[in-house]
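Contents: one structure, followed by commentary.
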Ligand SMILES: Nc1ncnc2c1ncn2[C@@H]1O[C@H](COP(=O)(O)OP(=O)(O)OP(=O)(O)O)[C@@H](O)[C@H]1O
Ligand SMILES: [Mg+2]
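Protein chains in written order, with my numbering: chain A, 24 to 280; chain B, 136 to 418.
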């Protein structure tokens, strides 16, 4: 194990080296600018897009549209997924009813459904939100159900013998015990939601970061493609950090030694 | 919710168990079997009883019935004359592995029972702190379960049950996962608490030494299906010192228990394998 200081140095050195190599490759024309623009070109394009927008629309409208789609779908998915997961975990009959339908659609990659959803719900908001919702919901539901199952039988019995009613056992014991799994589900679902978002925006519409990427590539504005990618990456990073930060407060007992 | 009448500590009129021809069935359909067969016994209020028996003989099942988690198929099981139907804080249970809530600190874990009864926060915290002193964990109220050693976790587990002033304390190999030294300390602590509170205790164990050191009486069970094969009165006077374990009368009683537990030829139970080939209870 390297010392903390040299560890940090290594962590920071590797991206710097990559950047330098990238810059060198473009500077000495090892690659064509249209395939891989220089870092400085991308920086300038980013500044241009931030100040003057893209395709006549402010970049914050593109960002806002994407965020709205992903947040609506994610929040709906969290609510429905947690509820369904709890019900399936608590009631074997409900689980039996849900089992086959959900197991049938689960292995299908959500991207395969995008054309179908566009056919059914058009190219507007509904199909984009629904496709994200459907997949994120599956992930949250399955993790929540696993969380319920993770509560040991003895813990439930102990709580009953301490005087908890069945409702109190659920609300005070089983539900909190399932939270660490729920949080894992939410994180996975969020990452998936962002990637499905971009894919669904690539396929149609004139707003959103996915649209920026696909439109820019159509017109060989490669630097703008990178701008879209960078912005989506930043949003993903910030969203995951925010979720982890909140989750640590809620499941504060996890990892405590 | 029935009877929340509280009793003063040290009041030994309550806690009498009567079991009369109890049969307990487990499993579903074709796999159903009798885990406990025709068990009858009486425990006077305030007595310390150990149940000793080979693995899988139905000890936990019997304890589950006393706790009200499993209903007997036949027979009567009563506490102070009232049939046991469903779990109740009057009958507290402690398992081999702690069942503390990792999201609550020690004080709030212990205050769980009072909280379920709707006792206000200040009062239930006062009750929790009082019990914490009793079990010698006064300074640990703000710790979380994961920050405690195994022995401390079991002490908190016991405290969480005692705060409800149970008439009956059910313990399923509560010290089985602890190291030998901690286990001895816990045994002495339990006897100390019991001397002060005088609740009835039914304590399950594999360990003959533990049973003979703790109990007024030892009920020995046969391999599956579980029946009570002997009801041994433990004559050693109290307070007991840890050294009695090494004295001849203790050894004689221990050998007797060993004979009862050793699988006989012709029974269909498989002896557990141990690395030295010794019978599992001869440690
Ligand atoms: N829910 C259940 N369904 C079917 N069989 C069960 C169930 N619970 C326990 N058993 C079986 O019933 C028998 C008695 O189980 P029990 O847990 O009461 O034994 P035990 O004496 O406590 O054993 P140990 O000393 O290993 O804890 C065992 O053979 C066990 O495999
Ligand atoms: Mg057992």
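The beta carbon of each residue, even a glycine, is placed where N, CA and C say it ideally should be.
Measuring alpha carbon to alpha carbon, tell me which of the options ends up nearest residue i.
i              : options                           : result
residue 233(B) : 37(A), 105(A) and 176(A)          : 176(A)
residue 199(B) : 286(B), 158(B) and 274(B)         : 158(B)
residue 292(B) : 274(B), 376(B), 241(B) and 300(B) : 241(B)
residue 266(A) : 51(A), 25(A) and 94(A)            : 94(A)
residue 70(A)  : 144(A), 275(A), 271(A) and 251(A) : 251(A)
residue 153(A) : 134(A), 170(A) and 255(A)         : 134(A)
residue 78(A)  : 25(A), 237(A) and 221(A)          : 237(A)
residue 151(A) : 268(A), 97(A) and 166(A)          : 97(A)
residue 80(A)  : 240(A), 256(A) and 234(A)         : 234(A)
residue 341(B) : 256(B), 362(B), 163(B) and 188(B) : 188(B)
residue 249(B) : 184(A), 52(A), 111(A) and 119(A)  : 184(A)
residue 272(B) : 253(B), 294(B), 257(B) and 256(B) : 294(B)
residue 215(A) : 199(A), 188(A) and 132(A)         : 132(A)
residue 338(B) : 181(B), 309(B), 384(B) and 169(B) : 309(B)
residue 163(A) : 104(A), 259(A) and 275(A)         : 104(A)
residue 380(B) : 343(B), 396(B), 366(B) and 397(B) : 343(B)
residue 282(B) : 235(B), 300(B), 177(B) and 302(B) : 235(B)
Would you mind sorting residue i into buried or exposed? The rule is 16 or more other CB atoms within 10 Å of its CB.
i              : result
residue 167(B) : exposed
residue 262(B) : buried
residue 222(B) : buried
residue 142(A) : exposed
residue 85(A)  : buried
residue 149(A) : exposed
residue 284(B) : exposed
residue 148(B) : exposed
residue 269(B) : buried
residue 206(B) : exposed
residue 190(A) : exposed
residue 194(A) : exposed
residue 307(B) : buried
residue 136(A) : buried
residue 330(B) : exposed
residue 359(B) : buried
residue 196(A) : buried
residue 140(A) : buried
residue 245(B) : buried
residue 200(A) : buried
residue 357(B) : buried
How close, in whole Å, do the beta carbons of residue i and residue j come, if the pair is a contact with beta carbons under 8 Å?
i              : j              : result
residue 312(B) : residue 231(B) : 6 Å
residue 273(A) : residue 202(A) : 7 Å
residue 193(B) : residue 155(B) : Wrong, their Cβ atoms sit about 17 Å apart, outside the cutoff.
residue 151(B) : residue 243(B) : Wrong, their Cβ atoms sit about 33 Å apart, outside the cutoff.
residue 220(A) : residue 263(A) : With 8 Å as the limit, residue 220(A) and residue 263(A) do not qualify as a contact, their Cβ atoms being about 14 Å apart.
residue 173(B) : residue 318(B) : Actually they do not touch by this definition, with Cβ atoms about 33 Å apart.
residue 354(B) : residue 186(B) : 5 Å
residue 348(B) : residue 375(B) : 6 Å
residue 171(A) : residue 112(A) : 3 Å
residue 184(B) : residue 350(B) : 6 Å
residue 247(A) : residue 82(A)  : No, residue 247(A) and residue 82(A) are not in contact; Cβ-Cβ is about 10 Å, not under 8 Å.
residue 201(B) : residue 219(B) : 7 Å
Between the C-alpha atoms of residue i and residue j, what's the straight-line distance to the nearest angstrom?
i              : j              : result
residue 231(A) : residue 88(A)  : 5 Å
residue 352(B) : residue 174(A) : 35 Å
residue 61(A)  : residue 41(A)  : 12 Å
residue 259(B) : residue 213(B) : 30 Å
residue 264(B) : residue 179(B) : 30 Å
residue 229(A) : residue 223(A) : 12 Å
residue 321(B) : residue 225(B) : 23 Å
residue 364(B) : residue 130(A) : 56 Å
residue 209(A) : residue 91(A)  : 17 Å
residue 290(B) : residue 335(B) : 18 Å
residue 267(B) : residue 276(B) : 8 Å
residue 251(B) : residue 204(A) : 25 Å
residue 58(A)  : residue 155(A) : 31 Å
residue 373(B) : residue 298(B) : 26 Å
residue 243(A) : residue 169(A) : 46 Å
residue 307(A) : residue 165(A) : Coverage of chain A is limited to positions 24 through 280, which leaves residue 307(A) absent and any answer about it impossible.
residue 393(B) : residue 382(B) : 16 Å
residue 188(A) : residue 253(B) : 12 Å
residue 277(A) : residue 278(B) : 14 Å
Counting only C-beta atoms, is residue i closer than 8 Å to chain E at any point?
i              : result
residue 226(B) : Here the protein chains are A and B, and chain E is not one of them.
Just to confirm, does residue i get its C-beta within under 7 Å of one of the non-hydrogen atoms of ligand 4?
i              : result
residue 307(B) : The model depicted lacks ligand 4 and carries ligand 1 and ligand 2 instead.
Which residues neighbour ligand 1 when neighbourhood means a C-beta less than 5 Å away from any of its non-hydrogen atoms? List them by chain order. Residues with a Cβ closer than 5 Å to any heavy atom of ligand 1, in chain order: 161(B), 162(B), 170(B), 190(B), 191(B), 192(B), 193(B), 194(B), 195(B) and 196(B).
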